[in-house]
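Written out below as structure tokens is the structure these notes cover.
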Amino acid sequence: LVGYLGAGKQMDFEKLDFWEEIKDQVTFYGFMETHLAYEISKKCKVGLCIKNQSNSMLVSHERKLFEYMCIGLPSIYCDANIYKDLSAYAEIGIAVNLEHEVEISNAIFSLLTNPSKLNEFSRNNLSLARDYFNWQFEEKKLHQLYYHILRK
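Numbered by my numbering, the letters in the sequence shown go through residues 1 to 152 in order.
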């Protein structure tokens, strides 16, 4: 886990009944420089983008999802409408209900035990990042918008 978790959050994990079973599989890196976090991300198989907000508050995608997309990392992300729309556009990972930890666990297990699906999602992520979800593509869209506005 990379990033700030909140004061005392690591201790909350250590109080879990099953902590002893999983503690060797979890590393809390805390906050770190972007380039160092990127190096860790490149070694991962699955990214988690589990923004815990109500659908009424979700108005944009989590930036982390696009960062993972750029390195070809399939993701587990919330099943809010904006993410469902993105997922319907191209398969980049698995949308889950954040209220159901078993669903999250099953999605992770599904990706880790299905290398062909993992590779397909990875290729889709890289393709989308190269062709559509990048600043050069956004610049073209913005230029078109300005051109359209100024012509009226």
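Each residue gets a CB set at the ideal place from its N, CA and C atoms; glycine is no exception.
Gln2 (DSSP reduced to helix, strand or coil): Along the sequence shown, read from residue 1 onward, the residue named residue 2 stands at position 2. Here residue 2 turns out to be Val, not Gln, going by the sequence shown. Residue state, collapsed to three classes: strand.
Taking the alpha-carbon of Cys44 as reference, which of Ile22, Leu111, Leu86 and Glu99 has the nearest alpha-carbon? As a position in the sequence shown, residue 44 is number 44, starting the count at 1. Minimum Cα distance to Cys44 is reached at Leu111.
Under 8 Å, do Met69 and Ala7 count as touching if we go by C-beta distance? As a working note, residue 69 is residue 69 in the sequence shown. As a working note, residue 7 is residue 7 in the sequence shown. Contact: no.
Where does Ala95 sit, in a helix, a strand or coil, going by DSSP? Your numbering for residue 95 matches position 95 in the sequence shown. In the structure shown, Ala95 sits in a strand (DSSP, three-state: E or B).
With DSSP run on the structure shown, which of helix, strand or coil describes Cys49? As a position in the sequence shown, residue 49 is number 49, starting the count at 1. In this structure, Cys49 counts as strand in the three-state DSSP scheme.
Lys64 and Cys49 - do their beta-carbons sit closer together than 8 Å? In the sequence shown, the residue the question calls residue 49 occupies position 49. In the sequence shown, the residue the question calls residue 64 occupies position 64. The answer is yes: Cβ separation under 8 Å.
Assigned secondary structure, Tyr38 (DSSP; H/G/I helix, E/B strand, else coil): Within the sequence shown, the letter at position 38 stands for residue 38. Tyr38 falls in the helix class under three-state DSSP.
For Tyr83, which residues from the same chain have a beta carbon less than 6 Å from its beta carbon, with the 5 sequence-adjacent residues on both sides left out? The sequence position of residue 83 within the sequence shown is 83, counting from 1. Result list for Tyr83: Tyr77 and Ala95, in chain order.
Tell me whether Ile76 sits in a helix, a strand or coil according to DSSP, three-state version. Position 76 of the sequence shown, counted from the first residue, corresponds to residue 76. Strand at Ile76.
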